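Report on one structure; see the data block that follows.
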Ligand code: SF4
Ligand code: SF4
Ligand code: SF4
Ligand code: SF4
Ligand code: FES
Ligand code: FES
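Residue numbers (my numbering), protein chains in the order written: chain L, 95 to 878; chain U, 1495 to 1650.
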């Protein structure tokens, strides 16, 4: 099908608008309220066109294209009308920067750094570089304005963390509102009031902090004006370079463009050029990367403890010292603890150093939840397979959220869930405490604390009712499984879980309705003293439903999956080749330290509680910031952060992403793999001849199938049913909720605005301070 | 009637599970109380999952919704063309000052609610206001104050 736009024949798909057809053919139609990530709105009227056979001037952004339609986009009448519409918009929008006679010269310096927030005169706007109003004015040619401007004189809203809002610049295009409500599913902002008083705002003009805002910054990214501006990155002007990389703060690994200026990362912008779901992004990635990486405390030099004092030394000396020291211990007395933020390449070398050079099997991942899940899956040969992806979440028919805090741990995922729900997916929440996603749920099951096992057991029993069990009879431990189910009393289960019978039938109905379901399992299942039991019972449910996919453990740290894939997991060489030689996993290493069996520890992040390491005779710690482990370490090595290194990460769903180096690491910092090579050489190994992470990657790629794109084996069929647990109310283990960090340092320790946000939402304890807490600044004073 | 959170919850409950109910649910609440009590929005959020800023946006967009109880007397001040030309803007702002109103809403003493309307159909008397059923024309600021005073004293 084709439309004709100014004599050009333009093909289009049914359902597309005139604007979409034009854009596909690279025909420019000026727009202000339309945005490719948002549903059409038709508010600004700038995109008006003339269509043969249609009355008036329909807006291209919300008029469906039809076959043979004749559209006039360049005609004089259209152009005049657009100009007048634009002039009307400009009456309420500061536009000195547009009509200024010096405009052309100004353009060259506009992108420069600024020192003042908002000046009057010709510069009333923090929008230095890209401005859609200016683009549109340029296209339509607005040399001057006859009507004087009407300044709204609204107070600039600066009292929230992360971004400022100057609604004097707002043209009410509604992009931010649509983004927040329809795409992010948050609804922190809306159009309030009517006619002349219309303003984007919050309930009773409250602060965003008091409201529902999740500070994802998505509204800023779509605003065509300078009304919304990030506090942290509006001063430095145009970046020198933009580097495509990823955010590593959680296992989503969102695509990010890192902006480099003056040798530092100044901003990180979600890279939505490929697909929106590749860069849902969130407060951590959008706002925290520069402040977190550029802290003035970053380590610069290798430090070796000499006569009790940490002393800066050269790398040669540090490596020599490590090599000499390690020789004092037997291989089985040495342990390696892998940071889940290390690249796959570095992990591969750590594995090689530990297993092949040092000769120890004591190696494991530093991740509370990730370690348990990856070990569980690896032991069942499921870790290497392709996993359920974010797209599967978007396409699911039902989604069950089990014991997770994704709004704070994986803030990108709620966006996928909102998308699924808009498509009609049923959302079930299964949680023993309040869940932030309740507003997006169709069924909210608040179970009694400690009754998750019982709930899953009861669900298994109900699912098996009126089902032929013959197909399962050959399964491992089927007889025990059957017996455990027979002794489960539903009345008991209902009493212990607090879930009503009718809620059970509702959930059964939903789960049976489709195999395209997803279970998102969070780290709060670790409250159970034996989390493997929970994983096993979830596995039972998937087996009975005949779902080979659908299980998503919400791995927390950036590269847990990649580190497990690359040889960092206990008992598994890269690619999950079983390593059957005796060794100790993380917990056994910790007891080993206490007993004196483990004498030396090499670790590359500071997330371990000091008491677990007390008693080591020799400790090598690589980190980016000083930590409470420093007083115990014999050697401290400065390591590059993710913006300073090359390599690959594997996201929670098993896909590979490339890190690209944006800036140099501070001081003498090296990448992990360079450090492992140095240590290997100091012990006398000659095998570590890699000159770049590419060399390592090549070796991994050539030898291990799962590192070849799209080459993960399919999920194996399940052949096991685990006996369910007896109805019981468990005594829960002590569990502190996960706080997003990087290499052991919580992000909020370096980013004050994040601290404020997390405190307000009770994710971290409030700091005691005599000052008025920051978050108590009153709202804009709006009164109704 | 003094609203209780529990009562509002009861009004909201039947709307559970339906989508696109913001306006009907606000209407249902206003039908009971004559206005939307401030807790309305957070209750709608908890019960129906509609973000409070969104329902607030709807409530402040449609003139049918009020965020304060209706006063004993309703003042309809005209800002239609004829009145506008004859200075209704100045008059309006002095009414607001006089009653200490921040928005076209109700006064703190619960006596007055101000509504701005476009043309009361007696343009020859512009500027015009109506209090309850009585129309007052050819207004000046002084005259307006006197009239309001009589209502304050219980007359009118
Ligand atoms: S930052 Fe995100 S949550 Fe907050 S208003 Fe903008 S889009 Fe909504
Ligand atoms: S703040 Fe920006 S995106 Fe939102 S309505 Fe105003 S101009 Fe549009
Ligand atoms: S948004 Fe800023 S840069 Fe763009 S036209 Fe307005 S004042 Fe100028
Ligand atoms: S923290 Fe996770 S969701 Fe947020 S931007 Fe980074 S990778 Fe994306
Ligand atoms: S872009 Fe079409 S109306 Fe705004
Ligand atoms: S304009 Fe005020 S009465 Fe007609």
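Ideal Cβ positions, reconstructed from N, Cα and C, are used throughout, including at glycine.
Every value quoted in this text rests on a predicted model; they were computed, and no experiment measured them.
Residue side-chain check: residue 392 of chain L keeps its Cβ at 7 angstroms or more from all non-hydrogen atoms of ligand 5. Excluding the 5 residues flanking it on each side, residue 801 of chain L has same chain C-beta neighbours closer than 6 angstroms at 794, 795, in chain order.
Sequence-distant Cβ neighbours of residue 282 of chain L in its own chain, meaning closer than 8 angstroms and more than five residues away, are 274, 296, 302, 305, 306, 307, 308. Residue 632 of chain L and residue 145 of chain L have their C-alpha atoms some 57 angstroms from each other. In the DSSP assignment, residue 398 of chain L forms a beta bridge with L/405, L/729.
The stretch 667-675 of chain L makes no contact with the stretch 482-500 of chain L: fewer than 3 CB pairs, one atom from each, lie closer than 8 angstroms. Taking 8 angstroms as the cut-off, the Cβ atoms of residue 440 of chain L and residue 743 of chain L do not count as close. Ranked by Cα distance from residue 234 of chain L, the first of L/513, L/126, L/479, L/496 is L/126.
Checking the DSSP bridge columns, you'll see residue 353 of chain L partnered with L/336, L/361. A direct Cα-to-Cα measurement between residue 1617 of chain U and residue 1604 of chain U gives close to 30 angstroms. For residue 696 of chain L, the closest C-alpha among the options L/445, L/339, L/169, L/116 is that of L/445.
The stretch 468-475 of chain L makes no contact with the stretch 585-594 of chain L; the number of CB pairs closer than 8 angstroms stays below 3. Within chain L, no C-beta atom comes less than 8 angstroms from the C-beta of residue 1609 of chain U; the nearest is roughly 13 angstroms away. Along the stretch 220-292 of chain L, the alpha helix (DSSP H) occurs as fully enclosed runs of 4 or more residues at 226-234, 269-272, listed in sequence order. The straight-line gap separating the alpha-carbon atoms of residue 384 of chain L and residue 150 of chain L is approximately 50 angstroms. When secondary structure is reduced to three states using DSSP, residue 653 of chain L falls in the coil class, being assigned neither helix nor strand.
Contacts with chain U at 8 angstroms (Cβ-Cβ) do not include residue 277 of chain L. Proximity annotation: ligand 4 has residues L/341, L/343, L/344, L/346, L/348, L/375, L/376, L/378, L/379, L/506 in chain order, each selected because its CB is closer than 5 angstroms to a heavy atom of the ligand.
Nearest to residue 639 of chain L by C-alpha distance, out of L/806, L/566, L/432, is L/566. Residues of chain L whose Cβ lies closer than 8 angstroms to the Cβ of residue 1584 of chain U do not exist; the shortest such Cβ separation is about 17 angstroms. In the DSSP annotation of this structure, the continuous segment of the beta strand (DSSP E) that includes residue 1570 of chain U starts and ends at 1567-1572. In this structure, residue 1613 of chain U lies near residue 1574 of chain U, with their beta-carbon atoms less than 8 angstroms apart. For residue 136 of chain L, no beta strand (DSSP E) encloses it, and the DSSP letter there is neither H nor E. Think of a sphere of 8 angstroms around the beta carbon of residue 305 of chain L: the chain U residues whose beta carbon falls inside it are 1546, 1547, in chain order. Assigned with DSSP and collapsed to three states, residue 816 of chain L falls in coil, not helix or strand. For residue 442 of chain L against residue 660 of chain L, the beta-carbon gap comes to about 5 angstroms, under 8 angstroms, which counts as contact. Within the same chain, Cβ atoms closer than 6 angstroms to the Cβ of residue 1570 of chain U are found at 1609, 1611, 1624, the five residues on either side in sequence being excluded. In terms of beta-carbon proximity, residue 1533 of chain U stays away from the interface with chain L, with every pair separated by 8 angstroms or more.
By the beta-carbon neighbour count (other beta carbons within 10 angstroms, threshold 16), residue 807 of chain L is exposed. Put simply, the stretch 283-293 of chain L touches the stretch 1545-1553 of chain U. At least three CB pairs are less than 8 angstroms apart. The count of Cβ pairs closer than 8 angstroms, one atom from the stretch 239-246 of chain L and one from the stretch 313-320 of chain L, stays below three, leaving the stretches out of contact.
Excluding five sequence positions before and after residue 417 of chain L, the CB atoms of its chain that fall closer than 6 angstroms to its own CB belong to 776, 777, given in chain order. Beta-bridge annotation (DSSP): residue 835 of chain L is paired with L/840. Those residues of the stretch 486-506 of chain L placed with their C-beta closer than 9 angstroms to a C-beta in chain U do not exist.
By the Cβ test, the stretch 567-583 of chain L is not in contact with the stretch 533-547 of chain L, since fewer than three Cβ pairs between them sit closer than 8 angstroms. Contact annotation: the stretch 747-766 of chain L touches the stretch 731-739 of chain L, with at least three C-beta pairs closer than 8 angstroms.
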